[in-house]
Amino acid sequence: MNTPTLSRRHFLQGAGALLVGFNFAGGPLALAARTVEPRAAIDKPLGTGQVDAWLAVTDDGRVIVYNGKVELGTGVETALRQIVADALAVHFDTTEIVQGDTALTPDQGYTAGSKTIQQGGARLRAAAATARGLLLAKAADRLDVASSRLVAADGEIRVDGDKSRVLRYADLIDEAGFDAPVDSGAEAPAARRFVGRSVPRVDIPDKVAGRFDYLQDLRLPDMWHARVVRPPTTGTVRTPAVASIDRDSVGKNVEIVQRGAFVAVAAATEWAAMQAADDLSVQWADLKPMPDADTPFAAFDAAAGTGRVSAEAGDVEAALGDGDDVLSAEYDWPFQIHDSIGPSCALADVREDSATIWSATQGVYPLRSALADLLDRDERAVRVIYVEGSGCYGHNGADDVAADAALVSQAIGRPVRLQWSRADEHGWAPKGPAMRMRLRARVQDGRVAAWAFENLTPSHLTRPGGGAGARNVLAGNLVHGTHASDRYVGGDRNAPVDYRFDAYRVSTRWVDVADALLRCSALRTLGAIQNSFANESFIDELAAAAERDPVAFRLDHLDDPRARAVIETVADRAGWQARVSPQRREDSAPTPRTGRGMAFARYENEFAYVAAVAEVEVSDSDGIRVRRVVVAHDCGLIVNPDGLENQIEGNVMQAVGRTLKEAVTWDRTGVTSLDWAAYPILTFPEMPEVEIALIDRPDQPATGAGEPASVPIPAAIANAVFDATGQRLRAVPLRWHGSA
Amino acid sequence: MAQFTLRVNDETREVDVAPETPLLYVLRNELGLTATRYGCGKAQCGACMVVMDGEATPSCVVPVVAAAEQPVLTLEGLADGDRLDPLQQAFIDGQAVQCGFCITGMIMSAHALLERTPRPSRAEIKQALASNLCGCGTHRRIVRAVERAAERLSA
Chain Z
1 MNTPTLSRRH FLQGAGALLV GFNFAGGPLA LAARTVEPRA AIDKPLGTGQ VDAWLAVTDD
61 GRVIVYNGKV ELGTGVETAL RQIVADALAV HFDTTEIVQG DTALTPDQGY TAGSKTIQQG
121 GARLRAAAAT ARGLLLAKAA DRLDVASSRL VAADGEIRVD GDKSRVLRYA DLIDEAGFDA
181 PVDSGAEAPA ARRFVGRSVP RVDIPDKVAG RFDYLQDLRL PDMWHARVVR PPTTGTVRTP
241 AVASIDRDSV GKNVEIVQRG AFVAVAAATE WAAMQAADDL SVQWADLKPM PDADTPFAAF
301 DAAAGTGRVS AEAGDVEAAL GDGDDVLSAE YDWPFQIHDS IGPSCALADV REDSATIWSA
361 TQGVYPLRSA LADLLDRDER AVRVIYVEGS GCYGHNGADD VAADAALVSQ AIGRPVRLQW
421 SRADEHGWAP KGPAMRMRLR ARVQDGRVAA WAFENLTPSH LTRPGGGAGA RNVLAGNLVH
481 GTHASDRYVG GDRNAPVDYR FDAYRVSTRW VDVADALLRC SALRTLGAIQ NSFANESFID
541 ELAAAAERDP VAFRLDHLDD PRARAVIETV ADRAGWQARV SPQRREDSAP TPRTGRGMAF
601 ARYENEFAYV AAVAEVEVSD SDGIRVRRVV VAHDCGLIVN PDGLENQIEG NVMQAVGRTL
661 KEAVTWDRTG VTSLDWAAYP ILTFPEMPEV EIALIDRPDQ PATGAGEPAS VPIPAAIANA
721 VFDATGQRLR AVPLRWHGSA
Chain P
1001 MAQFTLRVND ETREVDVAPE TPLLYVLRNE LGLTATRYGC GKAQCGACMV VMDGEATPSC
1061 VVPVVAAAEQ PVLTLEGLAD GDRLDPLQQA FIDGQAVQCG FCITGMIMSA HALLERTPRP
1121 SRAEIKQALA SNLCGCGTHR RIVRAVERAA ERLSA
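Read top to bottom, the protein sequences are chains Z and P. Quick note on numbering: our numbering labels position 457 of the first sequence as 457, and the sequence is numbered without any gaps. Each position in the second sequence, counted from 1, maps to that position plus 1000 in our numbering.
Laid out in structure tokens, this is it:
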């Protein structure tokens, strides 16, 4: 390790409280370049089963929360502190979080899948509630009263009705800490002081004042700047080889790093490194072309295996029959990128006996396993520290750039900051996979008698970890000529529906990584947004075929009261007029034509319930404009209502952009959409108004809200376009080609 | 390398850099003003917005040699000591941030707008932010925050 390990005693007494590890070397402009040092490592347990892995109480009464889940810009740092404050009976302001550090925090896998509040919050609550119970027991012992007479509040325990007999938490535990296992059934106090309130986010003032350091803003002492030089087969799975490098094509003060097909340059200044990356002349060999096609689906279809069934009941083929009343439709979704406004970046300091990497990764431990393999080091000699970067919405370039930086630092023997360019991020960061969904159904007596779903999808998960080692970072692929390991994850998310059908079958045909054409991995909702686009468009088609109102038709097939509640609530809030779609109107009706559509999904068929109504205008001159989106949202107990609304708004806006605008373009060489002009996202003039109805269920577990509200948006829009025009658009991005 | 004299946030600074270096890298790496951020390098996203001559200007495409001719305002220069600018305060009050990587650019574009149009319509705000991208989808809160600031500033 680069830093000595502090004793726990030393730390709790404050001597080791290097919680802000940034040295301010301020000049006259005050906020001069900040260099970063790792927090001192502490001799503490890291196993998730121990209370001390999660919590420490310092002598001056601060509560340090060690958390493997990280703040990705969604506000979870604030929400998790609210949960801990209530479970431990301390004031919110006395809590602080140390996030994502393999030397300090427990291994909680990835911060992903809307699981931070749902799982991370539950574990923290259990640890804090266990700690509170232990403190009460110690106080009862010390004060010699029954613990039932004690009250814990504000970091103190007092005897009920006797103000003179008070013990501070810090008085009750010594440097041995809690030294106890977490009781997963430990209950937080029923009375909630901070949970359920819109506590303002702790990170916003510094971000707005220009005082917040993103990973991209940090500097290491004596570091150099590095840039990568990639092969021309941008973003593709199959790696080429380097034929030759003209080392004279860059200046003398530039370091060139090559290992296999991994090429990078480093220089003392960022501008010099950028120019060297532009100037370096590399001859590539063994370039493997992409198919000559407009979509990836023919290639996927040829490569995919047979369908794996994820849900089935009855004899669906018999129920479908072979009559001409079987409806069928095919829906397509393109490759999409993460809309991170800041391209990925990392700092690395790789030395003979240690390696420290600062990364905006969603999983410090999985990344550490990849880096250890890549650097050929023991995992224990590699430390990965999370620092917040630009919002990521899933597996963007954060892990890959960390591996790039580590390789360069190892090669040149200096600390390195490696910043990806916009084209690196657009081109090479893992894509949300393209998918095709095929549906067939038969409607009989106004109900769905049979429903068959099959989709075609690459895996939505090629993150580091899972024993994949260096294979699941781009640098590993380029060095070793490999591609990511195959795990079939995410393509079947929300492939099943929550409607009650007598006969149905849901199956997925998986495309292996080698056949996925582009590097693919987790993007917000994984396959749920694609599958729900198809399912919720298709049920609308069935409602139209049955000449039923789309809301009433859905409710006829739902018996879960929480599902019905979000649909009824959104219909009410949107002022939904029950009628059959599309609207009947004269051909001479003026444009733009307006329409409304609704969609519903329960995230992963298991967690948050969301229903959405979209209102659109469609005209030949301006295409499709989404004017208003109304959302009803039930994710159980609400921890922070304003934070939740912020997440829902964000999901809606991003999903509108994904539905109407976003698509990776590619040709035989690879990705061609390498900037925001070629890959546009939603802009301010295009934004819809958003209205939200929150349904709070204080008696239900809090489930995640980082993704679910994205899921019904695309189908709600497509259904609204159908309502307005009578035309059914089945390929995202939805494009209006005129009313002819 | 060449010497340039810059006027940034009402302070005069000397830098010694290659003349073609974009202002963005001078602010971040020479002057330590890291709130101005790299997003695309092509004036497409607005993450690097500063205000020059009253105009929100993407600093990623302004060579330092061109920036030496006029005063530059960055996010760090908006506050009056510890007292935040009303526009900044409106972003806090409205919790108009998600990841916040774009927020510097949003505030600088909005600042330039309010300087020339103290009471903008909602459509004018959206137009003024048309070349600022937000990936998190914080658009609605950002527009509301600018509206709130405009109300306060002209009250």
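For each residue, glycine too, the CB sits at the ideal point set by N, CA and C.
Annotation note: the segment 378-408 of chain Z contains the following uninterrupted beta strand (DSSP E) runs of length 3 or greater, listed N- to C-terminal: 382-386. Interface criterion not met: the Cβ of GLY235(Z) is under 9 Å from no Cβ in chain P. For chain P, the residues of the segment 682-695 of chain Z that bring a beta carbon within less than 9 Å of one of its beta carbons are LEU682, THR683, PHE684, PRO685, GLU686, MET687, PRO688, GLU689, VAL690, in chain order. The beta-carbon of HIS633(Z) is placed no less than 9 Å from the nearest beta-carbon of chain P. Residue PHE300(Z) holds the alpha-carbon nearest to the alpha-carbon of ARG436(Z) among PHE300(Z), ASP248(Z), ALA599(Z).
Taking 9 Å as the cut-off, the beta carbon of THR239(Z) is found no closer than this to the beta carbon of VAL671(Z).
Within the segment 1082-1101 of chain P, LEU1084, GLN1088, PHE1091, ILE1092, GLN1095, VAL1097, GLN1098, CYS1099, GLY1100, PHE1101 place their CB atoms closer than 7 Å to a CB of chain Z, listed in sequence order.
ALA441(Z) sits away from GLY597(Z), with the two beta carbons spaced by 9 Å or more. Among the residues facing chain P, ASP203(Z) is included, as its CB has a counterpart in that chain under 9 Å away. Within the segment 607-665 of chain Z, the complete alpha helix (DSSP H) segments at least 4 residues long are 641-660, listed from N- to C-terminus. Contact annotation for ALA1047(P) against chain Z: ILE341, GLY342, SER390 [CB-CB distance below 9 Å, chain order]. Taken through DSSP and simplified to helix, strand or coil, GLU1030(P) comes out as helix. For ASP93(Z), no Cβ of chain P is located within less than 9 Å of the residue's own Cβ. In the DSSP secondary-structure assignment, THR95(Z) is bridged to VAL63(Z). A distance below 7 Å between beta-carbons, with the five flanking residues on each side excluded, links VAL199(Z) to the following residues of its chain, in chain order: THR78, GLN82, PHE92, ASN640.
Contacts with chain P (Cβ-Cβ distance below 9 Å) from the segment 647-664 of chain Z involve GLN647, GLU649, GLY650, ASN651, VAL652, MET653, GLN654, ALA655, VAL656, GLY657, listed in chain order.
Boundaries of the alpha helix (DSSP H) harbouring PRO366(Z): 364-375, taken from the DSSP string. In this structure, the alpha-carbon of GLY595(Z) lies about 15 Å from that of ASP620(Z). By the C-beta density criterion, VAL1146(P) is buried, having at least 16 other C-beta atoms within 10 angstroms.
Distance from the CA of VAL1017(P) to the CA of PHE1004(P), rounded to the nearest whole angstrom, comes to 8 Å. Between ASP559(Z) and ARG500(Z), the beta carbon gap of about 6 Å places them in contact (Cβ cut-off 8 Å). The beta carbon of VAL1017(P) sits closer than 9 Å to some beta carbon of chain Z. Beyond the five residues adjoining it in sequence on each side, THR1074(P) comes within less than 7 Å, by CB distance, of VAL1008, ASN1009, LEU1027, LEU1033, ALA1035, THR1036, VAL1050 in the same chain, given in chain order. Each residue's CA atom was taken as its position, placing GLY161(Z) and VAL151(Z) some 9 Å apart.
Here the alpha carbons of ASP101(Z) and ILE64(Z) stand approximately 14 Å from one another. Listed along the chain, the chain P residues whose CB falls inside 8 Å of the CB of GLU615(Z) amount to none; the nearest CB is some 15 Å away.
Comparing C-alpha distances from ALA495(Z) to each of ILE638(Z), GLU352(Z), GLY623(Z), VAL309(Z) shows the shortest one belongs to VAL309(Z). Within the segment 1129-1150 of chain P, LEU1129, ALA1130, SER1131, ASN1132, LEU1133, CYS1134, GLY1135, CYS1136, GLY1137, THR1138, HIS1139, ARG1140, ARG1141, ILE1142, VAL1143 place their CB atoms closer than 9 Å to a CB of chain Z, listed in sequence order. ILE1125(P) and VAL350(Z) have their C-alpha atoms spaced approximately 47 Å apart. Counting along the chain, GLN283(Z) sits inside the beta strand (DSSP E) bounded by residues 281-285. Here HIS1139(P) is buried: its Cβ has 16 or more other Cβ atoms, across all protein chains shown, within 10 Å.
The segment 477-487 of chain Z makes no contact with the segment 356-373 of chain Z: fewer than 3 CB pairs, one atom from each, lie closer than 8 Å. At a cut-off of 9 Å between beta-carbon atoms, GLY643(Z) makes contact with chain P.
For GLY1094(P), the three-state secondary structure derived from DSSP is coil. HIS225(Z) is bridged by DSSP to ALA267(Z), ARG417(Z).
For the segment 259-286 of chain Z, the residues whose beta carbon sits under 9 Å from a beta carbon of chain P are, in order, THR269, GLU270, TRP271, ALA272, MET274, GLN275.
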